[in-house]
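Novice: Numbered per my numbering, the sequence shown finishes at 305, counting up by one with no gaps. I have a structure I would like to understand better, so I am pasting it below and will then ask my questions one at a time.
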Amino acid sequence: MISCLRTFGVLALWFGCVLSSPASFGHSPVDFLEVIRVKPAQVIEHGVETKSRFDSAKKESKLEGPAYFSRGVGAMKRAVKSPRAYMNWFAIKNPTQQPKRQVDVLDMVRGGNRKQLQIGSAAFLISPSQQLTSGTPDEIPEGLDIYKAYEIHDGSSVDLTLDIDSSLGNGTVSVGKPIYLCMSSEEWHHDETFGVTHPNDCFVVYEIEEQAAVSTFNTIDQFGINELKGSSLRWICVRAAFLRDKSK
58 MISCLRTFGV
68 LALWFGCVLS
78 SPASFGHSPV
88 DFLEVIRVKP
98 AQVIEHGVET
108 KSRFDSAKKE
118 SKLEGPAYFS
128 RGVGAMKRAV
138 KSPRAYMNWF
148 AIKNPTQQPK
158 RQVDVLDMVR
168 GGNRKQLQIG
178 SAAFLISPSQ
188 QLTSGTPDEI
198 PEGLDIYKAY
208 EIHDGSSVDL
218 TLDIDSSLGN
228 GTVSVGKPIY
238 LCMSSEEWHH
248 DETFGVTHPN
258 DCFVVYEIEE
268 QAAVSTFNTI
278 DQFGINELKG
288 SSLRWICVRA
298 AFLRDKSK
């Protein structure tokens, strides 16, 4: 337990020193993330303040979770860039109702001819985490921000078969429609300010054919240590470039 608390102290120091620093990283350290449905041993209920590029001011976000867990994977003949990139997804229980807006986003799945998306309110806050095994956990990759996942309302299926090197091994998955756009967000948690390092890098989350992904593991994030039980691989996050907000 003492070693776990020491690890949490190191993580808190990392969040305070790195994420609150001025933007200095050009790109996200991951191209693809798998998203696994999880059940936490301890459900976290916590409030933070957040502000993404779609917010005019800080907004309180009441969080519950983790509901999902992500890790970096390889896909589209690209090797995994950061195999130690982990993220915990927390449901936003008091989402601010946002007007639907049109944005242009370029990602590797839809390509340059299908850039427009219509998005609505934020459904999840996604926080960097570390997976606990034996010894000291690997550092969180530099440039991995906190994100808010906004619902996509007009996504049509891309009907694509994707090569993927995931936690389940090498294989292919059928990619469906885009369901969330993950935008980096500032966050204020107690006395800490977590900044944005790459404001124009984002992720488009796509549905994939659901696969069983049963496992139990421990993670640590800004809210502490938790045991997560995975059940199914549900989605894949694809790194993208935010081009413009056409609603402005």
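By construction, the Cβ of each residue, glycine as well, lies at the ideal position given by its N, Cα and C atoms. Nothing here was measured: the structure is a model prediction, and the numbers come from that model.
1) So for F111, helix, strand or coil by DSSP?
2) Taking Cβ to Cβ, would you say I277 is nearer than 7 Å to L189?
3) Rounded to the nearest angstrom, what separates S187 and G177 at their Cα positions?
4) My understanding is that V92 touches A142, with C-beta atoms under 8 Å, so please give their C-beta distance in whole angstroms.
5) How many Å lie between P79 and F89 at the Cα?
6) Name the one or two DSSP bridge partners that V105 has.
7) Rounded to whole angstroms, what is the Cα-Cα separation between E249 and R291?
8) Can you tell me where the beta strand (DSSP E) with F260 in it begins and where it stops?
9) Out of curiosity, what's the CA-to-CA distance linking K205 and K150?
10) How would you write the range of the beta strand (DSSP E) that T250 sits in, first residue to last?
11) Determine which residues share a DSSP beta bridge with R329 and list them.
12) The beta strand (DSSP E) spanning M144 covers which residue range?
13) Less than 7 Å between the C-beta atoms of D222 and G131, yes or no?
14) Less than 7 Å between the C-beta atoms of C209 and L238, yes or no?
15) Rounded to whole angstroms, what is the Cα-Cα separation between G281 and A180?
16) Taking the C-alpha atoms as reference points, what is the distance between G233 and Q99?
17) According to DSSP, is S288 part of a helix, a strand, or is it coil?
18) In chain order, what residues of the same chain have a beta carbon less than 6 Å from the beta carbon of E244, not counting five sequence neighbours either side?
19) Please state if the CB of R158 and the CB of S304 are separated by a distance shorter than 7 Å.
20) How long is the line joining the alpha carbons of E121 and H246, rounded to whole angstroms?
21) Tell me which residue opens and which closes the beta strand (DSSP E) that H246 is part of.
22) Cβ of P123 within 7 Å of Cβ of V95?
23) For the beta strand (DSSP E) containing A179, list its first residue and its last residue.
Specialist: This is what the structure gives:
1) coil
2) yes
3) Note on identity: in this sequence residue 187 is Gln, with Ser being the wrong assignment. In a straight line, the C-alpha of Q187 is about 30 Å away from that of G177.
4) No, V92 and A142 are not in contact; Cβ-Cβ is about 13 Å, not under 8 Å.
5) At P79 the pLDDT is 35, less than 50, meaning the model places this residue with poor confidence and gives no usable figure here.
6) S118
7) Looking at the two C-alpha atoms, the distance is approximately 32 Å.
8) Note, F260: beta strand (DSSP E), 258-278.
9) 13 Å
10) 249-251
11) Summary: the structure shown does not reach residue 329, with the chain confined to residues 58 through 305, and so no result is reported for it.
12) 143-149
13) yes
14) Strictly speaking, residue 209 in this sequence is Ile, with Cys absent from that position. Cβ atoms of I209 and L238: closer than 7 Å.
15) Straight-line Cα distance between these residues: approximately 22 Å.
16) 32 Å
17) S288: strand per DSSP, three-state reduction.
18) V105, T107, I203, F251.
19) yes
20) 15 Å
21) For H246, the uninterrupted beta strand (DSSP E) segment begins and ends at 226-246.
22) For the 7 Å CB-CB criterion, P123 and V95 form a contact.
23) 173-189
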